[in-house]
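Asker:
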Amino acid sequence: MSGETSDPLAALLGHEADAKPSEQAPQLPLGVAADDPLAQARLAEDADPEAAPSRPLLPQSALIMVVVALVAAGALLVMRSLGLGVKLDFVDVKLDYPVSEDESLISKHEKILQDLDMGVADVQVPLQAVQKNPFEILSDRAADPTPAELESPSARLRRELAARKRKVEEAFSKLRLQSVLSGSVPVARVNNQTVRVGDTVDDAFVVRAIDGRSVTLESIELPGATYTLSIGGR
């Protein structure tokens with residue numbers, strides 16, 4: 231051999247040294263290009279936490295809320311201190327007006343008071359001056375000349391009979407005989423009502439007879455009292 235020594239251990243170490251740079255090269259994830267500097271920088275930050283930028287302990291919204299709360303608390307304290315500092319002072323105001331010494335005004339004032347006292351005074355009419363009861367309703371009917379308790383039974387009966395007779399005569403005066411039809415069963419027409427013997431007329435009379443040009447009626451109110459109704463008259 232011409233001076234070259236073959237050392238197997240040195241050859242092995244040299245081979246491992248040549249192989250380390252290739253083994254230590256970072257492996258890029260799928261989808262990241264080797265020539266993309268931004269992707270490689272992001273991967274480097276994820277691999278080395280100490281190299282990543284520091285993040286704030288509190289988010290920005292929380293800091294804003296804390297500042298607003300502090301400002302509100304300070305405003306409340308200032309308003310409270312201003313309110314407690316205000317004090318109320320009560321001052322006694324004396325009303326002292328000069329009274330007019332004019333006698334005419336005093337006399338007018340007394341006269342007005344007297345008029346007021348007389349205006350509200352109760353006016354009572356003496357009992358002996360009262361002629362009639364103002365709350366009693368007087369009847370339009372004329373008083374009987376004879377008191378009822380002093381009237382005899384016969385006089386009262388005659389008075390009632392006269393009143394009933396006036397009532398019957400008033401009802402008879404309203405009847406009119408319009409026509410008479412003679413025959414085996416005579417028929418008459420009274421106040422537009424066709425009647426025969428035994429029929430009732432105006433709920434006050436009963437037909438007792440139909441003869442020629444007249445009709446005989448008997449009063450229901452006064453049994454036995456008869457009235458004759460003729461054509462063209464009574």
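According to the working numbering, the sequence shown holds residues 231 to 464 in order. Each residue gets a CB set at the ideal place from its N, CA and C atoms; glycine is no exception. Please read these numbers as outputs of a predicted model, since none were measured by experiment.
From the DSSP output, read off the bridge partner residues of ALA392.
Answerer: Looking at the DSSP assignment, ALA392 forms no beta bridge with any residue, so it has no partner.
Asker: Measuring alpha carbon to alpha carbon, tell me which residue in GLU400, ARG438, GLU381 is nearest PRO453.
Answerer: The candidate whose alpha carbon is nearest that of PRO453 is ARG438.
Asker: With DSSP as the reference, please indicate the residues paired to ARG419 in a beta bridge.
Answerer: BP columns for ARG419 point to SER409, THR424.
Asker: Is VAL436 near GLY428, with beta carbons less than 8 angstroms apart?
Answerer: Yes, they are a contact pair.
Asker: Can you tell me whether PHE402 is buried or exposed? The criterion is at least 16 other CB atoms within 10 Å of its CB, across all chains shown.
Answerer: Result: buried.
Asker: Can you tell which of LEU405, ALA393, SER291, LYS324 has its C-alpha closest to the C-alpha of LEU459?
Answerer: Ranking LEU405, ALA393, SER291, LYS324 by Cα distance to LEU459 puts LEU405 first.
Asker: On the DSSP bridge assignment, give the partners of ASP441 in chain order.
Answerer: The partner list for ASP441 (beta bridge, DSSP) reads SER444.
Asker: Would you kindly report the start and end of the unbroken beta strand (DSSP E) that includes SER460?
Answerer: Where SER460 is concerned, the enclosing beta strand (DSSP E) stretches over 456 to 460.
Asker: Are GLY442 and VAL410 closer than 8 angstroms when you measure CB to CB?
Answerer: A contact, by the Cβ cut-off of 8 angstroms.
Asker: Can you round the beta-carbon distance between SER449 and VAL398 to whole angstroms, since I take them to be within the 8 angstroms contact cut?
Answerer: So it is a contact: roughly 5 angstroms between Cβ atoms.
Asker: Which term fits ALA392, buried or exposed, when burial requires 16 or more other beta carbons within 10 angstroms of its beta carbon?
Answerer: With fewer than 16 Cβ atoms within 10 Å of its Cβ, ALA392 is classed as exposed.
Asker: If you count every other CB in all the chains shown that lies within 10 Å of the CB of VAL431, and 16 or more means buried, which is it?
Answerer: So VAL431 counts as buried.
Asker: Can you tell me whether LEU312 is buried or exposed? The criterion is at least 16 other CB atoms within 10 Å of its CB, across all chains shown.
Answerer: Classification for LEU312: exposed.
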